[in-house]
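A quick write-up on the structure given underneath.
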Amino acid sequence: MNITIIGSGNMGTAFAQQLHAAGHALNIVGRDAAKARALAERFGASAEPARAASSDLVVLATPYDEAVRALRDAALPGGAVVVDITNPLTSDYMGLALGHTSSAAEQIAAAFAGLRVVKAFNTVFAQRLAAGAQAGNGQVVPVFVAADDAQAKARVSELARSMGFDVIDAGPLRNARYLEPLAGLNIYLGYGAGLGTAIAPTWLRQS
């Protein structure tokens, strides 16, 4: 796929690493253009904001409070598929600024009615993503995928599998109201409880 990553921080870097290894063509853009260009050069990618509009898929790898501005700057066409990995965290990272009756994903979708927003990867630490999908002992890190558009969900699921991740269909986009608190718990366990960033939530499934 031709993929644009918006953001060159820890998550953007981890995505670039894994997507490059999976053979995808990358375009990396962000608020810090020099940093985005440096990351793009590292992985043989382009760093052209105008190319976002023609990408097969856009990964929104920014903090939640920068998401709407970043998507406006990207000027994506109607129907573009956007992977929302954000979590609406409080300033101390130990809580959510919104939830239960809405979600970051729903707020982003409401701001851009023409985009097909897919919630995914928000429960995976950047360090875990960079380390890859194999977690040891035969375990594979899962990616929960929630969306209202079946085709967009299938495309993001294909992307996750191409990087070796397991995919768990989490239903419609409104179920991001559950996935974002799950990410909040994961952050608490990783940092607050000292379990580290190699962890990821999963779901046991009967064989």
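Each position in the sequence shown, counted from 1, maps to that position plus 477 in the numbering used here. Where a beta carbon is used, it is the ideal one built from N, C-alpha and C, also for glycine. No experiment lies behind these values; they were computed from the predicted model shown.
Residues sharing a beta bridge with residue i, DSSP
i    : result
K596 : D561, A623
T481 : N504, V535
S523 : N504
G613 : Q616
DSSP-derived helix/strand/coil call for residue i
i    : result
S634 : helix
D542 : helix
A607 : helix
D569 : coil
D550 : helix
I645 : strand
A574 : coil
F589 : coil
P658 : helix
T674 : coil
R651 : helix
S580 : coil
G486 : coil
Length of the line joining the Cα atoms of residue i and residue j
i    : j    : result
R605 : Y668 : 14 Å
G500 : A610 : 16 Å
A627 : N614 : 32 Å
E543 : A502 : 25 Å
E518 : M478 : 19 Å
V633 : G671 : 31 Å
A498 : E635 : 15 Å
V595 : K630 : 6 Å
R528 : V644 : 28 Å
V536 : V559 : 6 Å
Residue i vs residue j beta-carbon contact at 8 Å
i    : j    : result
L659 : P678 : yes
F602 : L656 : no
I585 : V545 : yes
I480 : D533 : yes
D550 : A582 : no
Closest by C-alpha distance to residue i, when choosing among the options
i    : options                : result
N652 : A623, V633, T674       : A623
A608 : H577, G641, G576, A588 : G641
Residue i CB to nearest heavy atom of the ligand ATP below 7 Å
i    : result
A612 : No copy of the ligand ATP appears in this structure; indeed no ligand is present at all.
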